[in-house]
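Enquirer: This is the structure I want to talk about, given as structure tokens.
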Amino acid sequence: MTGERAPWARPAAALAIAVAFFVPLYVACANVFKRGSEIGPHPAAPPVPPTLDNVQAVLTRPDRLFWVSLTNSVVVTALSVALLTVLSAMLGHYLVRARGRRWPRALMLLLLAGLMIPPQVILLPITRVLETFHLMTTVQGLVLFNVGYYVPFGVFVFSGFMRTIPVELEQAAAIDGAGRWRVFWQVVFPLLRPATASVLIFLGVWIWNDFLNPLIILGPGQGTTVTTGIYRSIGQYQADFGSVFAMMFLATLPVLVFYLLLQRHFVKGLTGGATKG
Amino acid sequence: MGQGVLTKPILPRLRHFLAFGAPGITVYACFVLAPIVVSFGYSLTNYNPFSPPAEYVGLRNYRLLFQDPEFLLSLRVTTILTAIVVVVPNVLGLGIALLLDRRGWFYNALRTVFFTPVVLSTVVVSIIWIRLMADDGLINQALRGAGVDDPPGWLSDPAYALYSLGIIMSWQMLGFCVVVYLAGLQGVPHDLREAAAIDGAGPVARFRHITWPMLAPALTINTVVLLISAFKIYDHVQVITKGGPGAGTTATVAYNVIQTGFTANRQGYASAMAIVMLVIIAVACAVALRLLQRREVQL
Amino acid sequence: MRAARRAGAAALAVVLGLSACSVKGDPGTGTSGSGAKEITFLVFETPNLTPQVWDANIKRVTDRHPDIKVRKLVAPTQDRTAYAKQLLTSGQFPDVLVAMSPTGFAESGNLYAWTSQELKDFAYPGNGAVKGKVYQLPANSQTIPGVYYNKDLFAKAGITAPPRTYAEFLDACARLKAKGITPLVTGSGHDALGPTWAGILGTDVYAGNPRWMHDRRAGKVRFTDPGFVKGAQKLADLAAKGYIDKRDLSRDYAATQQAFLDGKGAMYAMGNWFAAAADSPQTKPKFEVGQFSWPSDDGRQVLPVFTGGGLLVNAKAKNLEAAKRFALAYQLDRTNLDQSTKNDGLIPAVKGYTPPAGGGPVFQAGYEMYRQAERARAVVPAFGFESGDDGMPAGVVDKWDAAAQDLVTGRKSPRQVAEFLENEWAKAS
């Protein structure tokens, strides 16, 4: 395009807006490395000289709140996402490739409806369901709930992507004598890598950040996840914001690193939807 | 493939379903569908674990619900909040996406900044903003420094608290809209815009007739995603205001369901609330999708 | 069929894998040895009651009862009563709980009713009864509120003596306000704003009728009666005149305490547990702290006190005997009692117990005030903090808290608040 009137106007405006937008994040980061007593009166001051006291206090808490939370979050997130990937890839494949129309279609609609169901609607009875299976307040129970709750999203992504893979590939492999199971895992699944990346990324972040479900399902007995751990730490530490911010920082770090490394895939995951509609 | 049904025996199809479809469907049925049915069942009773024998009460809970000022207030609160969260990030997100629609590391870096809050936990975002919006927090310190003697109580004044929550959630969701719109913008063919420019169309006309129509799918995605996430807002309310200040000024329906069900222990009543909530969101999504997709088709 | 079998095998493997991994919290207190009786104990954390305090208290008991293993559970917020309800609803009610209102839990048969033999060591063994039975050990007395004041700020405003009547109190507020000092430090929520309202209602409702709540249960009085409405009006007026800054509602409990310690306001109506923070070398303020009881209109002394606050036991606990034994031992352990006066500023209500000499000055002054009021028969219940039959039905206390905020922000008039509470009472009972 020819001749914008002021070539600096666009970057300047973009930068100004981004800086304003960034202020809360800056404050959060700065406060991690500031003495607790400095946070109240000077929230925006840079942490000079920086201190690691807050971080250390969180890491060495006698009840190991941070470490227990971290372990729980890692276990819950990893198991949920692994199961979700496998189950929703298979289910997505079934729905796209199944013979007959009516049933797969009805199932698909039923699953898509699940995308909009608020967890509050099912949490009350879910505690009963989990109790029946003796899964209430267990990591297993939370993982299974996560799988059930997020399977629609996985199926949505996988089935959308599956439609772009020519069915002839599978037919060729089947003619060569491979069973359905082998065709899927050896031929189809490797081709689904971009969809798998989207599912891993989005569900990983959502489940890591989940608050209400672990609060209710995991309960206090198994210890907290990072989000419920942060929530709990404000009870004791509210007056000592340094520790709260350090806890938030440490709990967010894994997800932040994950995001910064896989940024391109995040964008691609969203882009796929946005352009295809 | 439809004709093949007659020639193919049923057994392989069943086997296919059992091997590939059943595991996912089973978990979904156990943990999502069955609970909805159970929830509906509860909603017809006065079930309360504090006074054990639950009795069938028919539709009484639903009738009571629409006379309950607390529930009506929560509907109002949820509607206002949803309106803010659907409109503000959509509009600002579009503006910022247009601004960032250039190549290069600079714009990529800014995009990263805008998207960061999307990957943060709602609890983290809430605590950050509690500090910013507290009376001795950064915002009011800055306002006082600028000579405003009586800055608003962002979270403590019932006239502001709801809108403050709206701002916080909009801040968190803004980056999502930016990225989706940017993706949409990248799908707008460059030659099309250039051709229009040569034909003498100004930037406004170019936007209206070329860019905006091409962004229809992005608008659909943003609106539906914002609608769904705004409607079930619980975390921010629980962490920041606990439904206050005062009685229910920021209590959303989602918040009231959990409060009534798990704290006041009126599970039958809470289930009725949850079912109403489900119906509303289903209708809202269906209407929004229909309207937006009709627009996409027309273009 | 092979495919199906393999899918089955995969599913089985996943389930096995899942059950193999489970992560336990709080290993410090959570070990479960062979033959030990394990009980769960729900606690909550505040700036006073840190994880270390709880762990030390528990350890003192388990050292003497080595067959009991305690798994400490921590409520995610200070509102442990709400959290306990949530746990009960989701089938995870703990074996032992602390400082939580028994209302609702007791009637539904979830709490163990103590026998008079078990209660023999407590000074007020009948306190907080629900339908005549005591479910919560009446372990300590709490004055809610005492009014703590910043002597430096009082001097700055030229106030020479603590106010005795409500008129003097308003006059002191006016002087402080004129100097640009916020007269009363408050926050939002039960523990931050509640004590102020309990002070007002102590003088305006309970002083005239100490059995007001029982009468309300019996339908003999109403929130809409003049006494209560007048109390509500007083709270609304304090906010309207700027003696309570309604912006302070953005503070939670811990921030409210910090604000007073930082000198951001002159007076702080609070439970006597505040003494712990005021005396502790780490949190002690730079100014001297004085205290008086919430002033009544005619200057007659009235001191709202709640006795209760102790441990409760789940009637359906797996190891009920161990849970009971633990609760009693925890509550009567001398060192635990001594520690509770220091850590949480509490006044143990145990027969023959006196707090250790050499306690902090703020604690000592509060203790003296309590003893003196007891002698003068000036003690009334603490409105909104009572428990069992002495208190409001389950769920109404939350509404009472919300109502206080509505008065402070001016969103509702005293009359509307009284009607609102009448309504909520009807809904809950």
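Protein chains in written order, with full-length UniProt numbering: chain U, 1 to 277; chain Z, 1 to 299; chain F, 1 to 429.
All C-beta atoms, glycine included, are put in the ideal place defined by N, C-alpha and C.
Can you confirm whether THR241 (chain Z), when its beta carbon is compared against all beta carbons of chain U, has any partner nearer than 8 Å?
Expert: Within the second sequence, residue 241 (chain Z) is the residue found at index 241, counting from 1. False, the Cβ-Cβ gap to chain U never drops below 8 Å.
Enquirer: Against chain F, with Cβ distances strictly below 8 Å, would PRO214 (chain U) count as a contact?
Expert: As a first step, residue 214 (chain U) must be located in the first sequence, where it is residue number 214. No, its Cβ sits nowhere closer than 8 Å to a Cβ of chain F.
Enquirer: With 8 Å as the threshold, decide whether the Cβ of PRO47 (chain U) is near any Cβ in chain Z.
Expert: Looking up residue 47 (chain U) in the first sequence gives position 47. So no, PRO47 (chain U) is outside the interface.
Enquirer: What is the DSSP secondary structure of SER293 (chain F), reduced to helix, strand or coil?
Expert: Taking the first residue of the third sequence as 1, we reach residue 293 (chain F) at position 293. DSSP places SER293 (chain F) in strand when its eight states are reduced to three.
Enquirer: Pick from Z:TYR234, Z:SER271 and Z:VAL224: whose alpha carbon is nearest that of VAL283 (chain Z)?
Expert: Against the second sequence, residue 283 (chain Z) aligns to sequence position 283. Measuring from the Cα of VAL283 (chain Z), the nearest candidate turns out to be Z:VAL224.
Enquirer: If you run the structure through DSSP and keep just helix, strand and coil, what is GLY242 (chain U)?
Expert: Position 242 of the first sequence, counting from 1, holds the residue named residue 242 (chain U). Looking at GLY242 (chain U) - three-state DSSP - the assignment turns out to be helix.
Enquirer: Could you please give the first and the last residue of the uninterrupted alpha helix (DSSP H) stretch that includes LEU137 (chain F)?
Expert: Locating residue 137 (chain F) in the third sequence gives position 137, counting from the first residue. That residue, LEU137 (chain F), is in no alpha helix (DSSP H); its beta strand (DSSP E) goes 136-143.
Enquirer: Does DSSP put THR78 (chain Z) in a helix, in a strand, or in coil?
Expert: Along the second sequence, read from residue 1 onward, the residue named residue 78 (chain Z) stands at position 78. Helix at THR78 (chain Z).
Enquirer: Here's the rule: buried if 16 or more other CB atoms are within 10 angstroms of the residue's CB, otherwise exposed. What is LEU100 (chain Z)?
Expert: As a position in the second sequence, residue 100 (chain Z) is number 100, starting the count at 1. By the neighbour-count rule (16 or more Cβ atoms within 10 Å), LEU100 (chain Z) is buried.
Enquirer: Which whole-angstrom value describes the C-beta separation of LEU238 (chain F) and LEU184 (chain F), a residue pair presumed to lie in contact below a C-beta threshold of 8 Å?
Expert: As a working mapping, residue 238 (chain F) is identified with position 238 in the third sequence. As a working mapping, residue 184 (chain F) is identified with position 184 in the third sequence. Yes, LEU238 (chain F) and LEU184 (chain F) are in contact; Cβ-Cβ is about 7 Å, under 8 Å.
Enquirer: Less than 8 Å between the beta carbons of ARG175 (chain F) and ALA155 (chain F), yes or no?
Expert: Counted from its first residue, the third sequence places residue 175 (chain F) at position 175. Counted from its first residue, the third sequence places residue 155 (chain F) at position 155. No, they are not a contact pair.
Enquirer: Please identify, using Cβ separations under 8 Å, the residues of the segment 413-426 of chain F that lie next to chain Z, in order along the chain.
Expert: Here the close residues are PHE420.
Enquirer: Okay, do the segment 21-41 of chain Z and the segment 86-106 of chain U touch, 3+ Cβ pairs below 8 Å being the bar?
Expert: These segments touch.
Enquirer: Ignore the nearest five residues each way along the sequence and tell me which others in ALA365 (chain F)'s own chain have a CB closer than 7 Å to its CB.
Expert: Locating residue 365 (chain F) in the third sequence gives position 365, counting from the first residue. Result list for ALA365 (chain F): GLN291, in chain order.
Enquirer: Helix, strand or coil: how does DSSP classify TYR330 (chain F) here?
Expert: Working through the third sequence from its first residue, we reach residue 330 (chain F) at position 330. Three-state result, TYR330 (chain F): helix.
Enquirer: Residues bridged to VAL179 (chain Z) by DSSP?
Expert: Within the second sequence, numbered from 1, the residue matching residue 179 (chain Z) stands at position 179. In DSSP, VAL179 (chain Z) forms no bridge with anything.
Enquirer: So, with DSSP's three-state summary, where would you put MET369 (chain F)?
Expert: To locate residue 369 (chain F), count along the third sequence from 1; it is residue 369. Correct three-state label for MET369 (chain F): helix.
Enquirer: Taking the alpha carbon of GLY263 (chain F) as the reference point, which residue from F:ASN209, F:LYS151, F:ARG71 and F:PRO47 has its own alpha carbon closest?
Expert: Reading the third sequence from its first residue, position 263 is the one you call residue 263 (chain F). Among F:ASN209, F:LYS151, F:ARG71 and F:PRO47, the Cα nearest to that of GLY263 (chain F) is on F:LYS151.
Enquirer: Run the CB neighbour count on GLY148 (chain U), radius 10 Å, all protein chains shown included, and call it buried at 16 or more, exposed below.
Expert: The sequence position of residue 148 (chain U) within the first sequence is 148, counting from 1. Buried, by the Cβ-count rule.
Enquirer: So, with DSSP's three-state summary, where would you put THR40 (chain F)?
Expert: Here residue 40 (chain F) corresponds to residue number 40 of the third sequence, with the count starting at 1. Of the three classes helix, strand and coil, the one that applies to THR40 (chain F) here is strand, per DSSP.
Enquirer: Counting only runs of 4+ residues fully inside the segment 86-146 of chain Z, write out the alpha helix (DSSP H) ranges in chain order.
Expert: Counting only runs of 4 or more, we get 105-119, 122-133 and 138-145.
Enquirer: Would you say the segment 149-162 of chain U touches the segment 80-89 of chain U, given that touching needs at least three Cβ pairs under 8 Å?
Expert: Taking 8 Å as the limit for Cβ pairs, the verdict is that the segment 80-89 of chain U does touch the segment 149-162 of chain U.
Enquirer: Considering just the uninterrupted stretch of the alpha helix (DSSP H) at ILE68 (chain F), what are its terminal residues?
Expert: The residue labelled residue 68 (chain F) in the question sits at position 68 within the third sequence. Element bounds for ILE68 (chain F): not the alpha helix (DSSP H) but the beta strand (DSSP E), 68-74.
Enquirer: Taking the straight line between their C-alpha atoms, what separation do you get for LEU79 (chain U) and LYS284 (chain F)?
Expert: Sequence index remark: in the first sequence, residue 79 (chain U) carries index 79 (1-based). Sequence index remark: in the third sequence, residue 284 (chain F) carries index 284 (1-based). Their backbone Cα atoms lie some 48 Å apart in a straight line.
Enquirer: Can you tell me the Cβ-Cβ gap for ALA232 (chain F) and ALA418 (chain F), rounded? I've got them flagged as a contact below 8 Å.
Expert: By 1-based counting over the third sequence, the position of residue 232 (chain F) is 232. By 1-based counting over the third sequence, the position of residue 418 (chain F) is 418. Indeed they touch by this definition, with Cβ atoms about 6 Å apart.
Enquirer: At least one CB of chain Z closer than 8 Å to the CB of GLN151 (chain U): is that the case?
Expert: Counted from its first residue, the first sequence places residue 151 (chain U) at position 151. According to the sequence provided, residue 151 (chain U) is Val. The question's Gln does not apply to it. VAL151 (chain U) counts as touching chain Z.
Enquirer: Roughly how many whole angstroms lie between the Cα atoms of VAL23 (chain F) and THR138 (chain U)?
Expert: Stepping through the third sequence from its first residue, residue 23 (chain F) is reached at position 23. Stepping through the first sequence from its first residue, residue 138 (chain U) is reached at position 138. Because VAL23 (chain F) sits at a pLDDT of 40, beneath the cut-off of 50, its placement in the model cannot be relied upon, and the following sentence gives the value as read from the coordinates. Spanning the two alpha carbons is a distance of roughly 9 Å.
Enquirer: Kindly list, in the order they appear in chain U, the residues whose Cβ is closer than 7 Å to that of GLN339 (chain F).
Expert: For this step, residue 339 (chain F) is matched to residue 339 along the third sequence. Those within 7 Å of GLN339 (chain F) in chain U number zero; the least Cβ separation is about 17 Å.
Enquirer: In this structure, does DSSP put THR252 (chain Z) in helix, strand or coil?
Expert: By 1-based counting over the second sequence, the position of residue 252 (chain Z) is 252. Looking at THR252 (chain Z) - three-state DSSP - the assignment turns out to be coil, as it is neither helix nor strand.
Enquirer: Of the residues that make up the segment 260-289 of chain Z, which ones have a beta carbon closer than 8 Å to any beta carbon in chain U?
Expert: Cβ contacts with chain U come from GLY261, PHE262, GLN267, ALA270, SER271, ALA274, ILE275, MET277, LEU278, ILE281, ALA282 and CYS285.
Enquirer: With a Cβ-Cβ cutoff of 8 Å, do MET270 (chain F) and TYR148 (chain F) count as a contact?
Expert: Reading the third sequence from its first residue, position 270 is the one you call residue 270 (chain F). Reading the third sequence from its first residue, position 148 is the one you call residue 148 (chain F). Against a cut-off of 8 Å, the Cβ pair of TYR148 (chain F) and MET270 (chain F) comes out as a contact.
Enquirer: Around the Cβ of PHE176 (chain Z), are there at least 16 other Cβ atoms within 10 angstroms (buried) or fewer (exposed)?
Expert: In the second sequence, the residue the question calls residue 176 (chain Z) occupies position 176. The residue in question, PHE176 (chain Z), is buried, as its Cβ has 16 or more Cβ neighbours within 10 Å.
Enquirer: Output yes or no for whether 8 Å exceeds the beta carbon distance between GLY91 (chain F) and GLU131 (chain U).
Expert: Looking up residue 91 (chain F) in the third sequence gives position 91. Looking up residue 131 (chain U) in the first sequence gives position 131. Their beta carbons are under 8 Å apart, which means GLY91 (chain F) touches GLU131 (chain U) by this criterion.
Enquirer: Select from the segment 105-124 of chain Z all residues with a C-beta closer than 9 Å to any C-beta belonging to chain U, and list them in chain order.
Expert: If the cut-off is 9 Å between Cβ atoms, the segment 105-124 of chain Z has PHE106, TYR107, ASN108, ALA109, LEU110, ARG111, THR112, VAL113, PHE114, PHE115, THR116, PRO117, VAL118, VAL119, LEU120, SER121, THR122, VAL123 and VAL124 near chain U.
Enquirer: Do SER43 (chain Z) and SER229 (chain Z) have their CB atoms nearer than 8 Å?
Expert: Along the second sequence, read from residue 1 onward, the residue named residue 43 (chain Z) stands at position 43. Along the second sequence, read from residue 1 onward, the residue named residue 229 (chain Z) stands at position 229. Their beta carbons are not under 8 Å apart, which means SER43 (chain Z) does not touch SER229 (chain Z) by this criterion.
Enquirer: Would DSSP call GLY109 (chain F) helix, strand or coil?
Expert: Working through the third sequence from its first residue, we reach residue 109 (chain F) at position 109. Three-state result, GLY109 (chain F): coil.
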